[in-house]
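Each remark here refers to the structure printed beneath this line.
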Amino acid sequence: MFFQYHLRQREADGTRPVIVGGITIEKWNPDELEEVMQKYGVLDSTVSEMTAEIEKMFPPTTDASITKAVADYTGVIDTHYSYFRFPSLIKKYPNAAVMRTESYARTSDLIKEIMDEHPEVIGDFVWTCWNHIGEAGLGRCVHVPKEEEEKYNNVFGMMDIMVKTEYPYRLSNCADFDINGVPTVQGIYRKNVWGDQSTCIAVQPPAYHDLAEIKMLGFSRTEEKQSWNLEGEEGKPIRVNVYSGAEWLELFLNEKSPGRKPAGKKAPYCASFELEYEPGILTAVSSTGRKEVSRSTIETTGKAVKIKAVPENTQAKAGVKALGGKSHKGQLGLAALVTLYAET
Numbered sequence: 001m002f003f004q005y006h007l008r009q010r011e012a013d014g015t016r017p018v019i020v021g022g023i024t025i026e027k028w029n030p031d032e033l034e035e036v037m038q039k040y041g042v043l044d045s046t047v048s049e050m051t052a053e054i055e056k057m058f059p060p061t062t063d064a065s066i067t068k069a070v071a072d073y074t075g076v077i078d079t080h081y082s083y084f085r086f087p088s089l090i091k092k093y094p095n096a097a098v099m100r101t102e103s104y105a106r107t108s109d110l111i112k113e114i115m116d117e118h119p120e121v122i123g124d125f126v127w128t129c130w131n132h133i134g135e136a137g138l139g140r141c142v143h144v145p146k147e148e149e150e151k152y153n154n155v156f157g158m159m160d161i162m163v164k165t166e167y168p169y170r171l172s173n174c175a176d177f178d179i180n181g182v183p184t185v186q187g188i189y190r191k192n193v194w195g196d197q198s199t200c201i202a203v204q205p206p207a208y209h210d211l212a213e214i215k216m217l218g219f220s221r222t223e224e225k226q227s228w229n230l231e232g233e234e235g236k237p238i239r240v241n242v243y244s245g246a247e248w249l250e251l252f253l254n255e256k257s258p259g260r261k262p263a264g265k266k267a268p269y270c271a272s273f274e275l276e277y278e279p280g281i282l283t284a285v286s287s288t289g290r291k292e293v294s295r296s297t298i299e300t301t302g303k304a305v306k307i308k309a310v311p312e313n314t315q316a317k318a319g320v321k322a323l324g325g326k327s328h329k330g331q332l333g334l335a336a337l338v339t340l341y342a343e344t
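FYI, the UniProt record's numbering numbers position 219 of the sequence shown as 219, with every residue one higher than the one before it.
Right, dumping it as structure tokens:
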């Protein structure tokens, strides 16, 4: 049935590739699996986890003949999570393109490296771009004493984290933009991987400093905030992660530097600094060679005492379009944009 549907699509439009939603790549052979584990397993803990789980998901009838049929008819093979299968599939099916869906953010650097090596890879489709309600806790982390870390070091232990996520946790928390459309640290990191040279400072809460951080499969990233407001934590150890696509990063706390560290592809794209928290100004400077390319600053503020709403425009021409309104079935809706500020 699929192939009949595919042929009808080709008749209507022969210029676009057609993809198949489902498990259509053949099972691993032992030699291929061993090679992948040696190359990527050390760098990416999700390789062994997802390899085992995807193998269980394969229907018993999924074999090379199905993969070949999909490649021949559509010209595209989707590896789903398994980006590490790109090289072998490209070699085996040279006339087909490959792609990945449900991409993890924290392996973006490895995927980009493979894509640079293999132009046959047509895309890396992320999960997810925008934070959403549902799949609650998919990207969350939990922090446990280090002696308890071992019991979570398996797929079922990690899945348990998500399953037991309690209300009011309602968001997936694994996106490049938060629910309000503000870029997350994850999104900034991914931009750095793809060539952006901006700098981002992210701070882990001191309460987590000496605990083991358990991530939910590949969808989780380190829990961190772009804030230096930590009243009551003075003098406590704290980890600061700075993200950048530049070659080097230097951090300054109240104009004092704990040192300079590599960033960019070598790091990859993140340098971690151990500090003791003190209020003030935290600045990170990115450089390539001897030239500064970007910097970022976060600082301690006072307590907010009021919220101020400021309109983006104080004057507008008459008419709905000038105010951003839309007409729907004869009804006019007016929209005015305001920005909210917390004043101290």
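Even for Gly, the Cβ is constructed at its ideal location relative to N, Cα and C.
- Would you check if the distance between the CB atom of Val193 and the CB atom of Glu224 is smaller than 8 Å? No, they are not a contact pair.
- Query: Pairing CB atoms from the stretch 133 to 142 with CB atoms from the stretch 107 to 117, are three or more of them under 8 Å?
  - Reply: The stretch 133 to 142 is not in contact with the stretch 107 to 117.
- Who are the Cβ neighbours of Val36 in its own chain at under 6 Å, not counting the five residues just before and after it? Phe84.
- Message: If I measure Cβ to Cβ from Ile179 and keep anything under 7 Å in the same chain, skipping five residues before and after, which residues do I get?
- Response: Taken in chain order, the residues that qualify are Asn131, Leu171.
- Message: Judging by CA-CA distance, which residue of Pro183, Pro279, Asn241 is the nearest neighbour of Gly232?
- Response: Per the Cα distances, Pro279.
- Query: How long is the line joining the alpha carbons of Arg260 and Ser286, rounded to whole angstroms?
  - Reply: Looking at the two C-alpha atoms, the distance is approximately 10 Å.
- Give me the Cα-Cα distance between Gln197 and Leu7, rounded to the nearest whole angstrom. Near 45 Å, if we compare the C-alpha coordinates of Leu7 and Gln197.
- Do you know how far the Cα of Ala207 is from the Cα of Thr297? Roughly 23 Å separates the two Cα atoms.
- Message: Using 8 Å for Cβ pairs, my map puts Leu275 next to Val240. What's the rounded Cβ distance?
- Response: Indeed, because the Cβ distance is near 6 Å, the residues count as touching under 8 Å.
- What are the uninterrupted segments assigned as alpha helix (DSSP H) that are 4 or more residues long and contained completely in the stretch 99 to 145, given in chain order? Taking only runs of at least 4 residues, the alpha helix (DSSP H) segments lying wholly in the stretch 99 to 145 are 108 to 117.
- Message: Let me check understanding here. Comparing Cα to Cα, which of Ser244, Asn153, Cys270, Gly264 lies closest to Thr222?
- Response: Comparing Cα positions, the closest option is Cys270.
- Query: Are the beta-carbon atoms of Gly218 and Arg106 separated by less than 8 Å?
  - Reply: In this structure, Arg106 lies closer than 8 Å to Gly218 by Cβ.
- Message: Please report the distance separating the alpha-carbon of Asn154 from that of Cys174.
- Response: Those two C-alpha atoms are separated by around 20 Å.
- Count the other CB atoms within 10 Å of the CB of residue 349; is the residue buried (16 or more) or exposed (fewer)? Residue 349 falls outside the range modelled here, since the chain spans only 1 to 344, and no answer is possible.
- How big is the Cα-Cα spacing for Gly195 and Ala267? Whole-angstrom Cα-Cα distance: 14 Å.
- Message: Which of the three DSSP states is assigned to Gly264 in this structure?
- Response: The answer is helix: DSSP assigns Gly264 an H, G or I state.
- Query: Excluding sequence positions up to five away, which residues of its chain have a Cβ less than 6 Å from the Cβ of Val76?
  - Reply: Excluding residues within five positions, the ones whose Cβ falls inside 6 Å are Pro17, Ile19, Ala97.
- Residue burial classification, Gln9 (beta-carbon count within 10 angstroms, cutoff 16): Gln9 is exposed by the Cβ-count criterion.
- Query: Apart from the five residues on each side of it in sequence, which residues of its chain come closer than 8 Å, Cβ to Cβ, to Val144?
  - Reply: Tyr152, Leu211, Ala212, Ile214, listed in sequence order.
- Rounded to a whole number of angstroms, what is the C-alpha to C-alpha distance between Tyr277 and Ser244? If you take the alpha carbons of Tyr277 and Ser244, they lie about 22 Å apart.
- Phe156, buried or exposed, once every other Cβ within 10 Å from all chains shown has been counted against 16: Counting Cβ neighbours within 10 Å, Phe156 comes out exposed, since fewer than 16 surround it.
- So, Arg295 versus Thr184, is the Cβ gap smaller than 8 Å? Not in contact: Arg295 and Thr184 (Cβ atoms no closer than 8 Å).
- Contact belief for Val242 with Leu249 at Cβ below 8 Å, rounded distance in angstroms: Going by Cβ atoms, the distance from Val242 to Leu249 rounds to 5 Å, so yes, they are a contact pair.
- Report yes if the C-beta distance between Phe86 and Thr101 is below 8 Å; otherwise report no. When the beta-carbon positions are compared, Phe86 and Thr101 stay at least 8 Å from each other.
- Query: Between the Cα of Asp31 and the Cα atoms of Tyr104, Asp13, Ser103, Ser88, which residue gives the shortest distance?
  - Reply: Closest by alpha carbon: Ser88.
- Three-state secondary structure (DSSP) of Asn192: Helix.
- Item | Coarse secondary structure for Asp72, derived from DSSP in three states | Asp72 falls in the helix class under three-state DSSP.
- Message: Report the CB separation of Ser108 from Trp127 in whole angstroms; it is logged as a contact under 8 Å.
- Response: Between Trp127 and Ser108 the Cβ distance is about 12 Å, and since that is not below 8 Å, they are no contact.
- Item | Between the CA atoms of Val121 and Ala255 - distance to the nearest angstrom | The sequence as given places Glu at residue 255; Ala does not occur at that position. Near 45 Å, if we compare the C-alpha coordinates of Val121 and Glu255.
- Three-state class that DSSP yields for Val36 in the structure shown: In the structure shown, Val36 sits in a helix (DSSP, three-state: H, G or I).
- Task: Report buried or exposed for Ser257, applying the criterion of at least 16 other Cβ atoms within 10 angstroms of its Cβ.
- Result: Exposed: under 16 other Cβ atoms inside 10 Å.
- Item | Nearest-angstrom Cα separation, counted from Lys68 out to Val182 | Roughly 42 Å separates the two Cα atoms.
- Element boundaries [beta strand (DSSP E), containing Phe273]: Segment 270 to 276, the beta strand (DSSP E) holding Phe273.
- Pick from Ile25, Pro205, Pro119: whose alpha carbon is nearest that of His80? Of the listed residues, the one whose Cα sits closest to His80 is Ile25.
- Task: From the DSSP output, read off the bridge partner residues of Ser294.
- Result: Residue pairing for Ser294: DSSP places it in a beta bridge opposite Ser286.
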